[in-house]
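**Q** Got a structure for you, written out below as structure tokens; questions coming shortly.
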Amino acid sequence: MLRLDKIGAGYGHAQVLHEVSLQVSPGEILCLLGRNGAGKTTLMRAVMGLVPLMSGAVQLDNVTLSDLPPHDVPRAGVGYVPQGRRLFSGLSVAQNLEIGLMAGGQGMAMREEVLDLFPRLRDRMGQAAQTLSGGEQQMLAMARALCLAPRVLLLDEPTEGLQPSMIDAIREVITAMCARGVAVLLVEQRLHAVLSVADRVAFLEDGRNGPVIPAETLRADRALADRYLGV
Amino acid sequence: MDLGPYLVLATLEGAVTAAVLALTAVGLSLVFGVMRVVNIAHGEFFMLGAVLAWWIATSVGGHPAFGFGAALIMAPLIVGALAMAADMTILKRLDYDPERTIVATIGLLYIIQQLTLMGYGPEARPVEAPFNTRLAIPWFEHGLEGWQMIWPWGLGTTSYKLAVIGAAVVILCGVWAVMARTRLGLVMRATQADREMALAFGIPVERVYAITFGLGAGLAALAAVLIVPIQQAHYLMGADPLLLSFIVVIIGGLGSLPGTVLAAVLIGLSDGIISVFFSPTLAKIIATLLVALVLVFRPQGLFGKRAA
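What follows is the structure in structure tokens.
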């Protein structure tokens, strides 16, 4: 289980997150919603150790992730799909996947397993990452994270700028990962994009905890969700 | 002697300069490409390689090949280890901040230079080449009896100079193989592409930086060991390689290894040819002018990528 215990984080002296607590269980999809600047991406980066914590702790089962150097966080089983994909652009598709495999100490069997989820990447293995289409780049970003066989998957707006067919494909993979017992923390701006897959929805308001509501309740009462998002 | 033989002679001298320059500049380019650190002390690592080569060769004694062979292996390793130590104790503490690391490497430059002056002295000292056979180069002339092969007086080189060119080519191929075909190269290129994502995918970026800084300095030292039987070791000898390396790296494209090698060949050959026919100072002026033109018309260099 991934547990964020009253974490505070920010950049320099500017604190963005204030005592945020969350937990995501294995096989659960927790969606984090909030307006622009609410601190969603900062929260993801704080879990990865890319933003130093000012207070609190991040734990994965019995391991305190916030005590580890950043490069040991993925090795502990946390896969990250950042906003804007951020692929290793000069490297090929195969090399991007290899970086993921190295991080998780995985072999070619894992690569094959991941490629079964994204068959379109099989034909692009030698191609440079930056020459892929937007949808294919997002697939590669997901595949790279899955190559390390994560126990927790952090997805920061994975459907941003994608066409509907791609969004469906990504959604299917997220559901499949969840079925395998992976805990998924999903950041999205658009509520409708996540309600069909999320188990719970956590709202983040100006860097502080908002309510955590079962997705089922929000599916039944859209007005409630719109109120929290201010739309 | 006609112009042609002189041109061959100048080209050969330029090829030696280009070979050594390519090695030195590739080290500088690696450090900038992967770490985004402008290493002003790079020329001092070159100088340290030459001074250590003299010290090792003198200590070993016997046939010059033994001393030179030991220097060829040990000097780059020692310089690389010193550079790694400098990275871990200085650059890492500055969080590899581009501006502050420039100031820090300027400080490092003076520390290395003055310590060398204190320990080694102001004299220029030679290292004996392991082999140095004089090789005459033939020339072809059209006379009354048609084309004839002649051996013009003064047109020649040495086996050692040809070996330097060959060794540089082999080492550069080795660097390419490491970058393109090994896991170390893969993690270095991933770190170069996106430092933060490299961390997010388990790459110990600070260790990669230390290795890169050591490798860059080691390449400069290796170049110095190769050149020190031709140019003597001296505590101020780092300035020219530093200037020329920057010229080459800017022309080739910051962080681009193929661009760096191509620019080193261009600058090295032009330096050799212009130095023979005119003067070494004019060669430096033209190279600097070329950099100015590149910065105005193609700021990213020949092979560099334009910043997004």
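If you're matching them up, the sequences are chains A and B in order.
Just so we're aligned, residue 1 is where the first sequence starts under the numbering used here, counting upward by one.
Just so we're aligned, residue 1001 is where the second sequence starts under the numbering used here, counting upward by one.
Don't be surprised by glycine CBs; every beta carbon is placed ideally from N, CA and C.
Taking its Cβ as the centre, do 16 or more other Cβ atoms sit within 10 Å of residue 108(A), making it buried, or is it exposed?
**A** Locating residue 108(A) in the first sequence gives position 108, counting from the first residue. Looking at its Cβ environment, which holds fewer than 16 other Cβ atoms inside 10 Å, residue 108(A) is exposed.
**Q** For residue 1024(B) and residue 81(A), I'd like the C-alpha separation in whole angstroms.
**A** Residue numbering aside, residue 1024(B) sits at position 24 when the second sequence is read from its first letter. Residue numbering aside, residue 81(A) sits at position 81 when the first sequence is read from its first letter. For residue 1024(B) and residue 81(A), the distance between alpha carbons rounds to 38 Å.
**Q** Three Cβ pairs or more, each shorter than 8 Å: is that satisfied between the region 1215-1232 of chain B and the region 75-93 of chain A?
**A** no
**Q** Along chain B, in chain order, which residues have C-beta atoms closer than 9 Å to that of residue 89(A)?
**A** Position 89 of the first sequence, counting from 1, holds the residue named residue 89(A). By Cβ distance, chain B contributes 1193, 1194.
**Q** Just the chain A side, please: which residues come within less than 7 Å of residue 1203(B) by C-beta, in chain order?
**A** Translated into the one-based positions of the second sequence, residue 1203(B) becomes position 203. Simply 71.
**Q** Across which residues does DSSP place residue 1139(B) in a beta bridge pair?
**A** Within the second sequence, the letter at position 139 stands for residue 1139(B). Answer is 1150(B), bridged to residue 1139(B).
**Q** So the candidates are 189(A), 21(A), 225(A); which of them puts its Cα closest to the Cα of residue 6(A)?
**A** Here residue 6(A) refers to the residue found at position 6 when the first sequence is read from its first residue. Of the candidates 189(A), 21(A), 225(A), the one whose C-alpha sits nearest the C-alpha of residue 6(A) is 21(A).
**Q** When we look at the beta-carbon of residue 71(A) and count the other beta-carbons within 10 Å, is it buried (16 or more) or exposed?
**A** Residue numbering aside, residue 71(A) sits at position 71 when the first sequence is read from its first letter. With 16 or more other Cβ atoms within 10 Å, it is buried.
**Q** Could you check if residue 52(A) is buried or exposed, using at least 16 other CB atoms within 10 Å of its CB as the buried criterion?
**A** Start at 1 with the first residue of the first sequence, and residue 52(A) comes out as number 52. Residue 52(A) comes out exposed.
**Q** Going by the DSSP bridge assignment, what does residue 11(A) pair with across the sheet?
**A** Sequence index remark: in the first sequence, residue 11(A) carries index 11 (1-based). Paired residue(s): 14(A).
**Q** Within 10 angstroms of the Cβ of residue 224(A), are there 16 or more other Cβ atoms? Answer buried if so, exposed if not.
**A** Reading the first sequence from its first residue, position 224 is the one you call residue 224(A). Residue 224(A) comes out exposed.
**Q** For residue 149(A), which residues in the same chain have their Cβ closer than 7 Å to its Cβ, ignoring the five residues on either side in sequence?
**A** Here the question's residue 149(A) lines up with position 149 in the first sequence. Here the set comprises 104, 106, 110.
**Q** Once you ignore the five residues that flank residue 1248(B) on each side, which residues in its own chain have a CB closer than 7 Å to its CB?
**A** Within the second sequence, numbered from 1, the residue matching residue 1248(B) stands at position 248. So the qualifying residues of the chain are 1021, 1025, 1260, 1263, 1264, 1267.
**Q** Using alpha carbons as the reference points, say which of 11(A), 217(A), 209(A), 226(A) lies closest to residue 19(A).
**A** Counting from one through the first sequence, the residue named residue 19(A) turns up at place 19. Measuring from the Cα of residue 19(A), the nearest candidate turns out to be 209(A).
**Q** Residue range of the alpha helix (DSSP H) that residue 169(A) falls in?
**A** Along the first sequence, one-based indexing puts residue 169(A) at 169. Per DSSP, residue 169(A) belongs to the alpha helix (DSSP H) from 164-179.
**Q** Identify the contact partners of residue 82(A) in chain B, using a Cβ-Cβ distance below 8 Å as the criterion.
**A** What you label residue 82(A) is simply residue 82 of the first sequence in a count that begins at 1. Within chain B, the residues near residue 82(A) are 1197, 1200.
**Q** Does the pairing of the region 1001-1009 of chain B with the region 1172-1181 of chain B give three or more beta-carbon distances under 8 Å?
**A** no
**Q** For residue 1074(B), is the beta carbon positioned less than 8 Å from some heavy atom of the ligand MG?
**A** Of the ligands one can find in the structure shown there are none, so the ligand MG has no counterpart to examine.
**Q** Roughly how many angstroms lie between the CA atoms of residue 185(A) and residue 95(A), to the nearest whole one?
**A** To locate residue 185(A), count along the first sequence from 1; it is residue 185. To locate residue 95(A), count along the first sequence from 1; it is residue 95. If you take the alpha carbons of residue 185(A) and residue 95(A), they lie about 26 Å apart.
**Q** Anyone know if the C-beta pair for residue 1044(B) and residue 1242(B) falls short of 9 Å?
**A** Here the question's residue 1044(B) lines up with position 44 in the second sequence. Here the question's residue 1242(B) lines up with position 242 in the second sequence. Yes, they are a contact pair.
**Q** Of all the CB atoms in chain B, is at least one closer than 9 Å to the CB of residue 111(A)?
**A** Locating residue 111(A) in the first sequence gives position 111, where the first residue counts as 1. Residue 111(A) has a beta carbon lying at 9 Å or more from every beta carbon in chain B.
**Q** Go through its chain and collect everything with a Cβ distance to residue 1301(B)'s Cβ below 7 Å, but skip five positions before and after it.
**A** As a working note, residue 1301(B) is residue 301 in the second sequence. Result list for residue 1301(B): 1250, 1251, 1252, 1253, 1254, 1256, 1259, 1294, in chain order.
**Q** Alpha carbons only, please: which of 170(A), 196(A), 68(A) is nearest the one belonging to residue 1202(B)?
**A** If you number the second sequence from 1, residue 1202(B) lands on position 202. It is 68(A).
**Q** I'd like to know whether the C-beta atoms of residue 1084(B) and residue 1211(B) end up nearer to each other than 9 Å.
**A** Here residue 1084(B) refers to the residue found at position 84 of the second sequence. Here residue 1211(B) refers to the residue found at position 211 of the second sequence. It is a contact, given that the beta carbons lie within the stated cut-off.
**Q** Looking at the C-beta of residue 144(A), does it have a partner C-beta in chain B at a distance below 9 Å?
**A** Residue mapping note: residue 144(A) aligns to position 144 of the first sequence, counting from 1. Yes, because at least one Cβ of chain B sits closer than 9 Å to the Cβ of residue 144(A).
**Q** May I have the straight-line CA-CA distance separating residue 138(A) from residue 158(A), to the nearest angstrom?
**A** One-based indexing of the first sequence puts residue 138(A) at position 138. One-based indexing of the first sequence puts residue 158(A) at position 158. CA-CA distance, residue 138(A) to residue 158(A), rounds to 7 Å.
**Q** For residue 231(A), is the classification buried or exposed, using 16 other Cβ atoms within 10 angstroms of its Cβ as the cut-off for buried?
**A** Translated into positions along the first sequence, residue 231(A) becomes position 231. Low local confidence applies: a pLDDT of 48 at residue 231(A) is under 50, so the model's placement there is unreliable, and no value is given.
**Q** Where residue 1050(B) and residue 1130(B) are concerned, what is the direct C-alpha to C-alpha distance, given to the nearest angstrom?
**A** Counted from its first residue, the second sequence places residue 1050(B) at position 50. Counted from its first residue, the second sequence places residue 1130(B) at position 130. Straight-line Cα distance between these residues: approximately 15 Å.
**Q** Around the C-beta of residue 1042(B), are 16 or more other C-beta atoms found within 10 angstroms, so that it is buried, or is it exposed?
**A** For the purposes of this step, residue 1042(B) is taken as residue 42 along the second sequence, with counting starting at 1. Counting the other CB atoms within 10 Å of its CB gives residue 1042(B) a total of 16 or more, which places it among the buried residues.
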